[in-house]
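Protein sequence lines, in the order shown, are assigned to chains A and B.
Numbered continuously in our numbering, the first sequence closes out at residue 1127.
Numbered continuously in our numbering, the second sequence closes out at residue 1127.
Beta carbons are placed, not taken as given, at the ideal position from N, Cα and C, and that holds for glycine.
See below for the structure under consideration.
Protein chains: 2
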Amino acid sequence: MAKTPKIPDPTIERLALYSRPLEALIESGSPLILSEKLAELCGVSPAQVRKDLAYFGEFGVRGVGYDVRTLLKEIKHILGTDRQWALCIVGMGNLGSALVENENFRKRGYIFSAAFDSDPEKIGKEMPCGLTIEPVNRIKELVRDFHIRIGVITTPPLVAQQVANLLIDAGIRAILNFAPIRVRTTDRCTVENVDFSVKLENLAYHLGTL
Amino acid sequence: MAKTPKIPDPTIERLALYSRPLEALIESGSPLILSEKLAELCGVSPAQVRKDLAYFGEFGVRGVGYDVRTLLKEIKHILGTDRQWALCIVGMGNLGSALVENENFRKRGYIFSAAFDSDPEKIGKEMPCGLTIEPVNRIKELVRDFHIRIGVITTPPLVAQQVANLLIDAGIRAILNFAPIRVRTTDRCTVENVDFSVKLENLAYHLGTL
Chain A
918 MAKTPKIPDP TIERLALYSR PLEALIESGS PLILSEKLAE LCGVSPAQVR KDLAYFGEFG
978 VRGVGYDVRT LLKEIKHILG TDRQWALCIV GMGNLGSALV ENENFRKRGY IFSAAFDSDP
1038 EKIGKEMPCG LTIEPVNRIK ELVRDFHIRI GVITTPPLVA QQVANLLIDA GIRAILNFAP
1098 IRVRTTDRCT VENVDFSVKL ENLAYHLGTL
Chain B
918 MAKTPKIPDP TIERLALYSR PLEALIESGS PLILSEKLAE LCGVSPAQVR KDLAYFGEFG
978 VRGVGYDVRT LLKEIKHILG TDRQWALCIV GMGNLGSALV ENENFRKRGY IFSAAFDSDP
1038 EKIGKEMPCG LTIEPVNRIK ELVRDFHIRI GVITTPPLVA QQVANLLIDA GIRAILNFAP
1098 IRVRTTDRCT VENVDFSVKL ENLAYHLGTL
């Protein structure tokens, strides 16, 4: 049997990027897209688009382009986004509250199934999305009961590591960390850190070169 | 005079990424870092690190590594983050409220100087950071008075384009958009879209390959 090649993280992240305009194209009824156009919409080079897609076989026809529906379906299959994933979130401040109401998550199959906080004033409160805030000592139980696979951290930085440990201990193998601190995990758990200021630095660079 | 080469956006974004562990290394007192180590901390290949840094001249010494302080100083200078930038933000829901209190922004020189909303119940409210929420019809006046260069959009998707137009009309040339919709701008205005779900797709891919 042929082994699936190890695909580098930046390629995976770009595949997710490529899927955004493809979704919009399907809504607008366009059947085909050239790699040059997709590259332009995503802000990468056409050579990069072709190289990334070549990992997964021959999607496109030279001069004609890619079939939008087939390409999006393949990308979603590769990324595992053609299925639903149960998420939990820890830290129900402003950011946590904003994320559980985010339509993009649900639309892409990421469903918040539990929300936790340590503040007695917040525990038991029902949010607009329908979830009730649970105490952190129920993490293990609810992760198991709701088959939660991904944990989101939106706590203050000082407790983020402790929360990561609780999530890993509960069996979580993928963490999206919004706390402005690098959390350490075991080899078996993947962490993605979200740092908004990286995007600002890109903008500042452009302003500087105007 | 030598022309400064046009630096691609992904390189700029990676420079911002590289600066994060360098800041941590300075705090921990490490004077030198090898490209292999920096690459590992940032999740990119060592060849990519060397290629990105080579745009800006010779920073490193083969086998010895880069001087952490010099490298960070150079990166900050290139990115324009060795100075302060005034920001405004439009849409003071949960996400907007979370962003204005974010320590990472202020620490990196991004200072929120004005916050806007269209909701009469929110206008006039003072936030923990000290800013008072202003009506959107004051955008032009306050952008001018506070020398605001970057606009942040955290509105619902349906009004994001209208807000982008107001910001551009007020002279803003750089927009960070959190609304889950692509906003159109003129050639003179750069937009960075923030989409949290891209990071989730990376995590889902890793879970699928476990």
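What residues of chain A sit near V961 of chain B, judged by a beta carbon separation below 9 Å? For the purposes of this step, residue 961 of chain B is taken as residue 44 along the second sequence, with counting starting at 1. Ordered by position in chain A, the residues that pass the 9 Å Cβ test against V961 of chain B are P925, D926 and P927.
Residue of A:D999, A:H994 and A:T987 minimising C-alpha distance to L949 of chain A: Here the question's residue 949 of chain A lines up with position 32 in the first sequence. Nearest C-alpha to L949 of chain A: A:T987.
Can the beta-carbon of S952 of chain A be found closer than 8 Å to that of P963 of chain A? Residue mapping note: residue 952 of chain A aligns to position 35 of the first sequence, counting from 1. Residue mapping note: residue 963 of chain A aligns to position 46 of the first sequence, counting from 1. It is a contact, given that the beta carbons lie within the stated cut-off.
Mapping the DSSP letters down to three states, classify M918 of chain A as helix, strand or coil. Within the first sequence, residue 918 of chain A is the residue found at index 1, counting from 1. Any answer about M918 of chain A is weak, because its pLDDT of 37 lies below 50 and its placement is not dependable; what the coordinates show is given next. Here M918 of chain A sits in coil by DSSP.
Buried or exposed by the 16-neighbour rule on C-beta atoms within 10 Å, applied to K923 of chain B: If you number the second sequence from 1, residue 923 of chain B lands on position 6. K923 of chain B comes out exposed.
Taking all protein chains shown into account, decide if I1070 of chain B is buried (16 or more other Cβ within 10 angstroms of its Cβ) or exposed. Locating residue 1070 of chain B in the second sequence gives position 153, where the first residue counts as 1. With 16 or more Cβ atoms within 10 Å of its Cβ, I1070 of chain B is classed as buried.
Roughly how many angstroms separate the alpha carbons of L1117 of chain A and L1004 of chain B, rounded to a whole number? As a first step, residue 1117 of chain A is located in the first sequence; it is residue number 200 there, counting from the start. As a first step, residue 1004 of chain B is located in the second sequence; it is residue number 87 there, counting from the start. If you take the alpha carbons of L1117 of chain A and L1004 of chain B, they lie about 10 Å apart.
Counterpart residues of F1033 of chain B in DSSP-defined beta bridges: Numbered from its first residue, the second sequence carries residue 1033 of chain B at position 116. F1033 of chain B pairs with B:V1007 and B:E1051.
Assigned secondary structure, L949 of chain A (DSSP; H/G/I helix, E/B strand, else coil): Walking along the first sequence from the start, residue 949 of chain A turns up at place 32. In the structure shown, L949 of chain A sits in a strand (DSSP, three-state: E or B).
Report the CB separation of G997 of chain B from G1125 of chain A in whole angstroms; it is logged as a contact under 8 Å. As a working note, residue 997 of chain B is residue 80 in the second sequence. As a working note, residue 1125 of chain A is residue 208 in the first sequence. So it is a contact: roughly 4 Å between Cβ atoms.
Please classify D969 of chain B: does DSSP put it in a helix, a strand, or coil? Taking the first residue of the second sequence as position 1, residue 969 of chain B is located at position 52. Shown here, D969 of chain B sits in a helix according to DSSP, grouped into three states.
Just to make sure I have the definition right: I need the residues of chain B whose C-beta is within less than 7 Å of the C-beta of Y1027 of chain A. Which are they? Within the first sequence, residue 1027 of chain A is the residue found at index 110, counting from 1. Under the 7 Å cutoff, chain B gives S1114 and L1117.
Cβ closer than 9 Å: which chain B residues qualify as neighbours of L1124 of chain A? Here the question's residue 1124 of chain A lines up with position 207 in the first sequence. Those within 9 Å of L1124 of chain A in chain B are G997, W1002, R1066, I1067, R1090, A1091 and T1107.
Which residues of chain B have a Cβ atom closer than 8 Å to the Cβ of F1022 of chain A, listed in chain order? Within the first sequence, the letter at position 105 stands for residue 1022 of chain A. Listed by position along chain B, the residues whose Cβ is nearer than 8 Å to that of F1022 of chain A are F1113, S1114 and L1117.
Please report whether the beta-carbon of R937 of chain A lies at a distance below 8 Å from any beta-carbon of chain B. Reading the first sequence from its first residue, position 20 is the one you call residue 937 of chain A. Chain B, which has a Cβ nearer than 8 Å to the Cβ of R937 of chain A, makes this yes.
By a C-beta neighbour count over all protein chains shown, 10 Å radius and 16 as the cutoff for buried, is S936 of chain B buried or exposed? Within the second sequence, the letter at position 19 stands for residue 936 of chain B. Buried: at least 16 other Cβ atoms inside 10 Å.
is_contact[L989 of chain B, chain D] using C-beta, thresh 8 Å: Here chain D cannot be found, since the structure's protein chains are A and B.
Per DSSP, cross-strand counterpart(s) of R1109 of chain A: The sequence position of residue 1109 of chain A within the first sequence is 192, counting from 1. Residue 1109 of chain A is actually Glu in this sequence, not Arg. Answer is A:L1093, bridged to E1109 of chain A.
Go ahead and pull the three-state DSSP assignment for D999 of chain A. Position 82 of the first sequence, counting from 1, holds the residue named residue 999 of chain A. DSSP places D999 of chain A in coil when its eight states are reduced to three.
Please say whether L1083 of chain A and I1056 of chain A have beta carbons closer to each other than 8 Å? Here residue 1056 of chain A is taken as the residue at index 139 of the first sequence, counted from 1. Here residue 1083 of chain A is taken as the residue at index 166 of the first sequence, counted from 1. The answer is yes: Cβ separation under 8 Å.
What is the DSSP secondary structure of G980 of chain B, reduced to helix, strand or coil? For the purposes of this step, residue 980 of chain B is identified with residue 63 of the second sequence, where counting begins at 1. In the structure shown, G980 of chain B sits in coil (DSSP, three-state: anything other than H, G, I, E or B).
Would you tell me roughly how many angstroms separate the C-alpha atoms of W1002 of chain A and V978 of chain B, rounded to the nearest one? As a working mapping, residue 1002 of chain A is identified with position 85 in the first sequence. As a working mapping, residue 978 of chain B is identified with position 61 in the second sequence. Taking the straight line joining both Cα atoms gives about 46 Å.
At the level of alpha carbons, what is the spacing between M1044 of chain A and S1014 of chain A? Start at 1 with the first residue of the first sequence, and residue 1044 of chain A comes out as number 127. Start at 1 with the first residue of the first sequence, and residue 1014 of chain A comes out as number 97. Near 8 Å, if we compare the C-alpha coordinates of S1014 of chain A and M1044 of chain A.
Going by CA-CA distance only, name the one from A:G1041, A:I1067 and A:P1074 that's closest to A1091 of chain A. Your numbering for residue 1091 of chain A matches position 174 in the first sequence. That would be A:I1067, whose Cα lies nearest to the Cα of A1091 of chain A.
Taking a contact to mean a Cβ-Cβ separation below 8 Å, would you say F1029 of chain B touches C1046 of chain B in this structure? Within the second sequence, numbered from 1, the residue matching residue 1029 of chain B stands at position 112. Within the second sequence, numbered from 1, the residue matching residue 1046 of chain B stands at position 129. The Cβ atoms of F1029 of chain B and C1046 of chain B sit closer than 8 Å to each other.
Taking the alpha helix (DSSP H) that I1040 of chain B belongs to, which residues open and close that run? As a first step, residue 1040 of chain B must be located in the second sequence, where it is residue number 123. Per DSSP, I1040 of chain B belongs to no alpha helix (DSSP H) and is neither H nor E.
What first and last residue would you give for the alpha helix (DSSP H) that runs through I1056 of chain B? The residue given as residue 1056 of chain B occupies position 139 in the second sequence. Start and end: I1056 to D1062.
Which residues share a DSSP beta bridge with G1068 of chain B? For the purposes of this step, residue 1068 of chain B is taken as residue 151 along the second sequence, with counting starting at 1. Answer is B:C1005 and B:I1092, bridged to G1068 of chain B.
For A971 of chain B, which residues in chain A fall below 8 Å Cβ to Cβ? Position 54 of the second sequence, counted from the first residue, corresponds to residue 971 of chain B. Chain A residues near A971 of chain B: none, gap ~17 Å exceeds 8 Å.
Specify, as a first and last residue, the run of the alpha helix (DSSP H) that N1082 of chain A falls within. Locating residue 1082 of chain A in the first sequence gives position 165, where the first residue counts as 1. Taken as a continuous stretch (DSSP letters only), the alpha helix (DSSP H) holding N1082 of chain A covers P1074 to D1086.
Roughly how many angstroms separate the alpha carbons of V1060 of chain A and E1018 of chain A, rounded to a whole number? Numbered from 1 along the first sequence, position 143 holds the residue referred to as residue 1060 of chain A. Numbered from 1 along the first sequence, position 101 holds the residue referred to as residue 1018 of chain A. V1060 of chain A and E1018 of chain A: Cα-Cα distance of roughly 20 Å.
Through-space distance from V1111 of chain A to M918 of chain B, alpha-carbon basis: Counting from one through the second sequence, the residue named residue 918 of chain B turns up at place 1. Counting from one through the first sequence, the residue named residue 1111 of chain A turns up at place 194. Here M918 of chain B scores only 36 on pLDDT, less than 50, and its place in the model is too uncertain to base an answer on.
Among B:C959, B:I1006 and B:A1077, which one has its Cα closest to the Cα of T1049 of chain B? As a working mapping, residue 1049 of chain B is identified with position 132 in the second sequence. Selected option, being the one with the closest Cα: B:I1006.
Please list, in chain order, all residues of the same chain as K993 of chain A whose beta carbon is under 8 Å from its beta carbon, the five residues on each side excluded. Counting from 1 along the first sequence, the entry for residue 993 of chain A is found at position 76. Around K993 of chain A: S936 and D999.
Closer than 9 Å by beta-carbon distance: list the chain A residues that pair up with P1052 of chain B, in chain order. As a working note, residue 1052 of chain B is residue 135 in the second sequence. By Cβ distance, chain A contributes nothing, its closest Cβ being about 21 Å from P1052 of chain B, past 9 Å.
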